[in-house]
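Peer 1:
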Amino acid sequence: MSSTSSTTPFSSDSRVAGAETADAAVQTPFEAEIVAVFADLVTLLGLPKSMGEIYGLIFASPEPLAFAVIEQKLRLSKGSVSQGLRSLRELGAIQAVAGESDRRERWGATVELRKLIGTILRDRLVPYLERQDQRIANADHLLEGEALVLDPAHLKALRSRLDKLQTWQSRARTFLPLIGKML
Numbered sequence: 005m006s007s008t009s010s011t012t013p014f015s016s017d018s019r020v021a022g023a024e025t026a027d028a029a030v031q032t033p034f035e036a037e038i039v040a041v042f043a044d045l046v047t048l049l050g051l052p053k054s055m056g057e058i059y060g061l062i063f064a065s066p067e068p069l070a071f072a073v074i075e076q077k078l079r080l081s082k083g084s085v086s087q088g089l090r091s092l093r094e095l096g097a098i099q100a101v102a103g104e105s106d107r108r109e110r111w112g113a114t115v116e117l118r119k120l121i122g123t124i125l126r127d128r129l130v131p132y133l134e135r136q137d138q139r140i141a142n143a144d145h146l147l148e149g150e151a152l153v154l155d156p157a158h159l160k161a162l163r164s165r166l167d168k169l170q171t172w173q174s175r176a177r178t179f180l181p182l183i184g185k186m187l
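Throughout, our numbering is defined as the position within the sequence shown, counted from one, plus 4.
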């Protein structure tokens, strides 16, 4: 893999982020704030907080970070860091960068929002919408089965709500791809 990317301009000086000194193991106040921003965001999306913390730390670094530095600065277990890096890489949020002075992989942030959002839309939201389509169709079928035992006013209210849910689902299918294109 190359050590540079059009979306992540890294210098060849690996002393800053790749070094494992006592200072490298402490988050700066800036890093802590960026970590918090992304931790909150992924929590909102229903993803593990550690994924946001890892991405936030990598995003806040001008240089790619080694696994050990991520582990130390965030005080996460090796398993959490490994799983988080794997998930972020699958989403296209980070990329592996070969070390210049050693063979350890380092991790750099992909900062192109369109690519990240496109991946999330394709891998998470589209399958979610497909599952919801099936559930809504099932709910429609179940409501028809209960039509004879429900009060007519209740049946009318429930059909109206189901119609509203189908409208929301349709709008989501229409607008999510547009959001990806706008970014």
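Glycine included, each C-beta is placed from N, C-alpha and C at the ideal position.
Report the rounded CA-to-CA distance for residue 61 versus residue 104, giving the unit in angstroms.
Peer 2: Indexing the sequence shown from 1 puts residue 61 at position 57. Indexing the sequence shown from 1 puts residue 104 at position 100. Their backbone Cα atoms lie some 21 Å apart in a straight line.
Peer 1: To the nearest angstrom, how far is it from the Cα of residue 75 to the Cα of residue 148?
Peer 2: In the sequence shown, counting from the first residue as 1, residue 75 sits at position 71. In the sequence shown, counting from the first residue as 1, residue 148 sits at position 144. Taking the straight line from one Cα to the other gives about 54 Å.
Peer 1: Could you tell me whether the Cβ atoms of residue 137 and residue 87 are closer together than 8 Å?
Peer 2: Position 133 of the sequence shown, counted from the start, is the residue given in the question as residue 137. Position 83 of the sequence shown, counted from the start, is the residue given in the question as residue 87. In this structure, residue 87 does not lie closer than 8 Å to residue 137 by Cβ.
Peer 1: Rounded C-beta distance between residue 70 and residue 107? I'm assuming under 8 Å.
Peer 2: Position 66 of the sequence shown holds residue 70. Position 103 of the sequence shown holds residue 107. In fact, because the Cβ distance is near 11 Å, the residues do not count as touching under 8 Å.
Peer 1: Looking at C-alpha atoms only, which residue of 79, 143 and 121 is the closest neighbour of residue 57?
Peer 2: Here residue 57 refers to the residue found at position 53 of the sequence shown. Comparing Cα-Cα distances from residue 57 to each of 79, 143 and 121, the minimum goes to 79.
Peer 1: Can you list the alpha helix (DSSP H) stretches of 4 or more residues lying completely in the region 74-146, in chain order?
Peer 2: Counting whole runs of 4 or more residues, the region 74-146 contains the alpha helix (DSSP H) stretches 82-95 and 117-124.
Peer 1: Return the chain-ordered list of same chain residues with a C-beta closer than 6 Å to the C-beta of residue 146, the five sequence neighbours on each side being excluded.
Peer 2: As a working mapping, residue 146 is identified with position 142 in the sequence shown. Excluding positions up to five away in sequence, the list is empty.
Peer 1: Rounded to whole angstroms, what's the CA-CA distance from residue 26 to residue 77? Just pull it up for me.
Peer 2: Taking the first residue of the sequence shown as 1, we reach residue 26 at position 22. Taking the first residue of the sequence shown as 1, we reach residue 77 at position 73. Note on residue 26: pLDDT 44, under 50, position unreliable in the model; the coordinate value appears next. Their Cα atoms are separated by approximately 10 Å.
Peer 1: Which same chain residues end up closer than 8 Å to residue 63 when comparing Cβ atoms and leaving out the 5 residues on each side of it in sequence?
Peer 2: Numbered from its first residue, the sequence shown carries residue 63 at position 59. The answer, listed in chain order, is 38, 42, 113 and 115.
Peer 1: Counting C-beta neighbours from all protein chains within 10 Å, is the total for residue 156 16 or more, i.e. buried, or is it exposed?
Peer 2: Numbered from its first residue, the sequence shown carries residue 156 at position 152. The residue is exposed, with fewer than 16 neighbouring Cβ atoms inside 10 Å.
Peer 1: Determine the contact status of residue 111 and residue 68, defining contact as a CB-CB distance below 8 Å.
Peer 2: Residue 111 sits at position 107 when you count from the first residue of the sequence shown. Residue 68 sits at position 64 when you count from the first residue of the sequence shown. Judged by their CB atoms, residue 111 and residue 68 are nearer to each other than the 8 Å cut-off.
Peer 1: Where does residue 175 sit, in a helix, a strand or coil, going by DSSP?
Peer 2: Residue numbering aside, residue 175 sits at position 171 when the sequence shown is read from its first letter. Correct three-state label for residue 175: helix.
Peer 1: Under three-state DSSP, which class holds residue 70?
Peer 2: Taking the first residue of the sequence shown as 1, we reach residue 70 at position 66. Residue state, collapsed to three classes: strand.
Peer 1: Span of the alpha helix (DSSP H) holding residue 60?
Peer 2: The residue given as residue 60 occupies position 56 in the sequence shown. Run containing residue 60: 53-63, per the alpha helix (DSSP H) assignment.
Peer 1: Are residue 92 and residue 132 closer than 8 Å when you measure CB to CB?
Peer 2: The sequence position of residue 92 within the sequence shown is 88, counting from 1. The sequence position of residue 132 within the sequence shown is 128, counting from 1. No, they are not a contact pair.
Peer 1: Please state the DSSP three-state secondary structure of residue 167.
Peer 2: Against the sequence shown, residue 167 aligns to sequence position 163. Note: residue 167 maps to helix in three-state DSSP.
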